[in-house]
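Engineer: Got a structure for you, questions after.
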Amino acid sequence: GGRYLAPDAAIAQARKLMAEGADVIDLGPASSNPDAAPVSSDTEIARIAPVLDALKADGIPVSLDSYQPATQAYALSRGVAYLNDIRGFPDAAFYPQLAKSSAKLVVMHSVQDGQADRREAPAGDIMDHIAAFFDARIAALTGAGIKRNRLVLDPGMGFFLGAAPETSLSVLARFDELRLRFDLPVLLSVSRKSFLRALTGRGPGDVGAATLAAELAAA
Numbered sequence: 001g002g003r004y005l006a007p008d009a010a011i012a013q014a015r016k017l018m019a020e021g022a023d024v025i026d027l028g029p030a031s032s033n034p035d036a037a038p039v040s041s042d043t044e045i046a047r048i049a050p051v052l053d054a055l056k057a058d059g060i061p062v063s064l065d066s067y068q069p070a071t072q073a074y075a076l077s078r079g080v081a082y083l084n085d086i087r088g089f090p091d092a093a094f095y096p097q098l099a100k101s102s103a104k105l106v107v108m109h110s111v112q113d114g115q116a117d118r119r120e121a122p123a124g125d126i127m128d129h130i131a132a133f134f135d136a137r138i139a140a141l142t143g144a145g146i147k148r149n150r151l152v153l154d155p156g157m158g159f160f161l162g163a164a165p166e167t168s169l170s171v172l173a174r175f176d177e178l179r180l181r182f183d184l185p186v187l188l189s190v191s192r193k194s195f196l197r198a199l200t201g202r203g204p205g206d207v208g209a210a211t212l213a214a215e216l217a218a219a
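Take the sequence shown: its position 137, counted from the start at 1, is 137 in the UniProt record's numbering, and no numbers get skipped.
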């Protein structure tokens, strides 16, 4: 994160990733780090607008990583393929607009309403917490006319599950339970996450091998 803030740099990196075999480019106009300052939707839109236009002209499928409905609405107007919401689309007032679109929706679970947090995970089985969240959110979204086959589930990892790395490891070990229970695609987002750094004692730039190992474990 934060390495390709200039539009030209972001566009060049997206084209490079596509040439290397990427299927979709995920654009994140703001950091979800617990220490990051909040970013307005106007700022998010200003950051993504030139990048979206260039990638659309290239025919590159784009995912927008934002929880702000105004930013999401702008991205839908530009034809993004995915909306990736770390709060899991909590705003029911936005559901009619989502229902009119065709974008896939990545619905992420977190223990603190979409906030990366250094507090501990809630007591009890974390998988029960995750399943209850998805049960409620899937019902709300499909009840608003959003087709179930547009949904992709993300259990959240790292600080989205709390401070202890063991919580993320537990979810990783039981990843198939989510696939079997919901019969929907489940996204694993672990690149450079805090629990991998805690387990390996390495910095963000040195956990590529650990990221790959976690992804293979969930495959």
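Beta carbons: idealized from backbone N, C-alpha and C, even for Gly.
Quick check on this structure: which residue in MET108, TYR82, SER66, LEU216 has the alpha carbon closest to the alpha carbon of ILE25?
Structural biologist: Along the sequence shown, one-based indexing puts residue 25 at 25. Nearest option by C-alpha distance: TYR82.
Engineer: Alpha carbon to alpha carbon, what distance is there between HIS109 and PHE134?
Structural biologist: Position 134 of the sequence shown, counted from the start, is the residue given in the question as residue 134. Position 109 of the sequence shown, counted from the start, is the residue given in the question as residue 109. If I take the Cα positions, the gap works out to 7 Å.
Engineer: Quick check: the Cα distance between SER41 and ASN84, rounded to an integer number of angstroms?
Structural biologist: Residue 41 sits at position 41 when you count from the first residue of the sequence shown. Residue 84 sits at position 84 when you count from the first residue of the sequence shown. Distance between the alpha carbons of SER41 and ASN84: 15 Å.
Engineer: For VAL106, which three-state DSSP category applies?
Structural biologist: Here residue 106 is taken as the residue at index 106 of the sequence shown, counted from 1. It is a strand residue.
Engineer: For LYS193, count the other beta carbons within 10 Å of its own beta carbon; 16 or more makes it buried, fewer makes it exposed. Which is it?
Structural biologist: Within the sequence shown, residue 193 is the residue found at index 193, counting from 1. Under this definition LYS193 is a buried residue.
Engineer: Compare the beta carbon distance of GLY158 and SER170 with 8 Å and say whether it is the shorter of the two.
Structural biologist: Taking the first residue of the sequence shown as position 1, residue 158 is located at position 158. Taking the first residue of the sequence shown as position 1, residue 170 is located at position 170. Their beta carbons are not under 8 Å apart, which means GLY158 does not touch SER170 by this criterion.
Engineer: Check this for me: beta carbons of ALA218 and LEU188, under 8 Å apart or not?
Structural biologist: By one-based count along the sequence shown, residue 218 stands at place 218. By one-based count along the sequence shown, residue 188 stands at place 188. It is a contact, given that the beta carbons lie within the stated cut-off.
Engineer: When the distance is taken between beta carbons, is LEU178 closer than 8 Å to VAL186?
Structural biologist: Within the sequence shown, the letter at position 186 stands for residue 186. Within the sequence shown, the letter at position 178 stands for residue 178. Against a cut-off of 8 Å, the Cβ pair of LEU178 and VAL186 comes out as a contact.
Engineer: I'd like to confirm the pairing. Which residues does DSSP put opposite SER191 in its beta bridges?
Structural biologist: The residue you call residue 191 lines up with position 191 of the sequence shown. Answer is none; SER191 lacks a bridge partner.
Engineer: Rounding to the nearest angstrom, what Cα-Cα distance links ALA22 and ARG15 in this structure?
Structural biologist: Position 22 of the sequence shown, counted from the first residue, corresponds to residue 22. Position 15 of the sequence shown, counted from the first residue, corresponds to residue 15. Answer to the nearest angstrom: the Cα atoms are 9 Å apart.
Engineer: Within 10 angstroms of its Cβ, does THR43 collect 16 or more other Cβ (buried), or is it exposed?
Structural biologist: Reading the sequence shown from its first residue, position 43 is the one you call residue 43. Looking at its Cβ environment, which holds fewer than 16 other Cβ atoms inside 10 Å, THR43 is exposed.
Engineer: To which residues of the same chain is ILE126 closer than 7 Å at the C-beta, ignoring the five residues directly before and after it?
Structural biologist: On the sequence shown, residue 126 is found 126 positions in, with the first residue counted as 1. Closer than 7 Å at Cβ, skipping near neighbours: LEU161, THR167, SER170, VAL171.
Engineer: Name, in chain order, the residues that DSSP records as bridge partners for LEU83.
Structural biologist: By 1-based counting over the sequence shown, the position of residue 83 is 83. LEU83 pairs with LEU64, LEU105.
Engineer: Are there 16 or more other CB atoms within 10 angstroms of the CB of PRO155, so buried, or fewer, so exposed?
Structural biologist: As a first step, residue 155 is located in the sequence shown; it is residue number 155 there, counting from the start. Under this definition PRO155 is a buried residue.
Engineer: Cβ atoms of ALA70 and ILE146: under 8 Å apart, would you say?
Structural biologist: Mapped onto the sequence shown, residue 146 falls at position 146. Mapped onto the sequence shown, residue 70 falls at position 70. No, the Cβ-Cβ distance between ILE146 and ALA70 is not below 8 Å.
Engineer: Determine the direct distance from the alpha carbon of ASP206 to that of GLN13, and round the result to whole angstroms.
Structural biologist: Here residue 13 refers to the residue found at position 13 when the sequence shown is read from its first residue. Here residue 206 refers to the residue found at position 206 when the sequence shown is read from its first residue. Approximately 20 Å between the Cα atoms of the pair.
Engineer: Roughly how many angstroms separate the alpha carbons of HIS129 and ILE60, rounded to a whole number?
Structural biologist: By one-based count along the sequence shown, residue 129 stands at place 129. By one-based count along the sequence shown, residue 60 stands at place 60. When rounded, the distance between both Cα atoms is 36 Å.
Engineer: Taking the CB atoms as reference points, tell me whether GLY79 and LYS56 lie closer together than 8 Å.
Structural biologist: As a first step, residue 79 must be located in the sequence shown, where it is residue number 79. As a first step, residue 56 must be located in the sequence shown, where it is residue number 56. Contact flag set, yes.
Engineer: On the three-state DSSP scale, how would you describe VAL186?
Structural biologist: Taking the first residue of the sequence shown as position 1, residue 186 is located at position 186. DSSP places VAL186 in strand when its eight states are reduced to three.
Engineer: Please work out which residues of its chain come closer than 6 Å, Cβ to Cβ, to SER63, disregarding the five sequence neighbours upstream and downstream, and give them in chain order.
Structural biologist: Locating residue 63 in the sequence shown gives position 63, counting from the first residue. Hits under 6 Å: VAL24, ASP26, TYR82, ASN84.
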